[in-house]
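First residue of the sequence shown: 1, per UniProt numbering; consecutive thereafter.
We put the beta carbon where it would ideally sit given N, CA and C, even for glycine.
Taking it in order: structure first as structure tokens, then the write-up.
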Amino acid sequence: MSMKPTVFICGATGSQGGALAHQLRAMDWAVHATVRNLESGPAKLLKAAGVQLTQGDWDDAAALKSAMTGCDKLFLCLLPDFSDMNRERRQAEAIVKIAQAAGVGQVVASTSLGVFTLDDIEAKEHIVPESFMAGHLAGKKGVEESVRRGGFQYWTFLRPSFFMANFLEPKVARYPEPRDKGTWTTAMTPETLLALIDHVDIASFAAGVFQDPERFHGQAIGLASDMLSVQDTLTTLGEAAGRPLKAVFLTDDEISENQKTSNVFTNSQISMRYMSRYIDMNGVASVIRPTSFKNFLERERETVKATYS
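What follows is the structure, given as structure tokens:
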């Protein structure tokens, strides 16, 4: 009988990595991870699930080397540093080198659906040079390039769309308007299909990729769990929250005025007009059973209540 794999997860205390860690442990796979605080709530849950934890962060080479010893596979999911947009790339390069030395054979990296826009002439023209969006996508692309150059036997890029959890605590702090005002003012259009992803679905898809490395090798896969118009998204959220929510669509003149001040969300929302073209829902459904936004909100009903009460 062959040994079950050992996976090192970057970001095991985060939403994607945490969900993946628990899914892999349910499959009786070994999971290693680093955490900054071994006594934190998420760390204790991971330890209780049987995850082997090492204290350290993504800049701690010694901790990473120790934690990655004996690992066959790597889930790479890094966070941007808004004060240093090159840090994510540097961390990826360092982690890749350690993974190479450890003998890791397969890497699954979770980046961003927006990376597709960098090779889409129509969408790319809306990315303002030197903007936050440009820096963010460059960082995610840098992560992927580090993996490509790593010489791993198998690698796959998962490019998730807009997180369903962005409408809930704690992530809602970045998108507070629906919660605070009951509206969402946006540079998307009434016709835009908003690609939405459940973080648990990312984990499920990653687990599927880890189980079938040859099938997914060398692919960049756009991930979404559901695709809805902006207003349908808000209507579904409003029904769960118990109050009406309305989309407010910016005019072209308003968008142009906002762009003069390098409005972060305006630029990103323009790029989101194109995101649905990068999603193959049939392909996603061939690997997992995608979670509808309605079902996500039902599963997270306690957080919905806490966010919108």
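- In this chain, the beta strand (DSSP E) harbouring R159 covers 154-160.
- Contact annotation: the stretch 195-204 touches the stretch 157-165, with at least three C-beta pairs closer than 8 Å.
- Rounded to the nearest angstrom, the gap between the Cα atoms of P176 and Q55 is 34 Å.
- Scanning the stretch 15-91 for uninterrupted alpha helix (DSSP H) segments of 4 residues or longer gives 15-26, 41-48, 61-68, listed from N- to C-terminal end.
- For L194, the enclosing beta strand (DSSP E) covers residues 193-197.
- Residue burial is scored here from C-beta neighbours: M275 has at least 16 other C-beta atoms within 10 angstroms and is therefore classed as buried.
- Here I221 is bridged, per DSSP, to L158.
- DSSP, read as helix, strand or coil, puts M188 in coil.
- The beta carbon of G238 lies closer than 7 Å to those of P244, L245 in the same chain, with the five residues before and after it left out.
- A direct Cα-Cα distance of roughly 29 Å separates F152 from F82.
- As computed with DSSP, I9 is found in a beta bridge with F75.
- Here L168 really is in contact with T303; their C-beta atoms are around 5 Å apart, less than 8 Å.
- Within its own chain, the residues whose Cβ lies closer than 6 Å to the Cβ of A187, once the five positions on either side in sequence are excluded, are L250, I255, T266, Q269, I270, listed in chain order.
- The straight-line gap separating the alpha-carbon atoms of F116 and M272 is approximately 11 Å.
- In the three-state DSSP reduction, L250 falls in the coil class, being neither helix nor strand.
- For A109 and A67, the gap between their C-alpha atoms comes out near 18 Å.
- In the displayed model, S268 falls within a helix according to three-state DSSP.
- By the C-beta criterion, the stretch 13-28 is judged not to be in contact with the stretch 94-107, since fewer than 3 inter-stretch pairs fall below 8 Å.
- For L137, the three-state secondary structure derived from DSSP is helix.
- Beyond the five residues adjoining it in sequence on each side, A134 comes within less than 8 Å, by CB distance, of I127, V128 in the same chain, given in chain order.
- Between K44 and L53, the C-beta gap is not smaller than 7 Å, which leaves the two residues out of contact.
- With fewer than 16 neighbouring CB atoms inside 10 Å of its own CB, T261 falls in the exposed class.
- Here the alpha carbon of A220 sits roughly 32 Å from the alpha carbon of N258.
- Judged by beta-carbon spacing, L113 lies within the 7 Å limit of G222, meaning their Cβ atoms are closer than that value.
- Under DSSP, L228 forms a beta bridge with L194.
- Note: V108 is bridge-paired with F75, T156 in the DSSP secondary-structure output.
- For N282, the uninterrupted alpha helix (DSSP H) run begins and ends at 281-285, by DSSP.
- Of all C-beta pairs linking the stretch 70-88 to the stretch 3-10, three or more are shorter than 8 Å, placing the two stretches in contact.
- H32 and V147 have their C-alpha atoms some 19 Å from each other.
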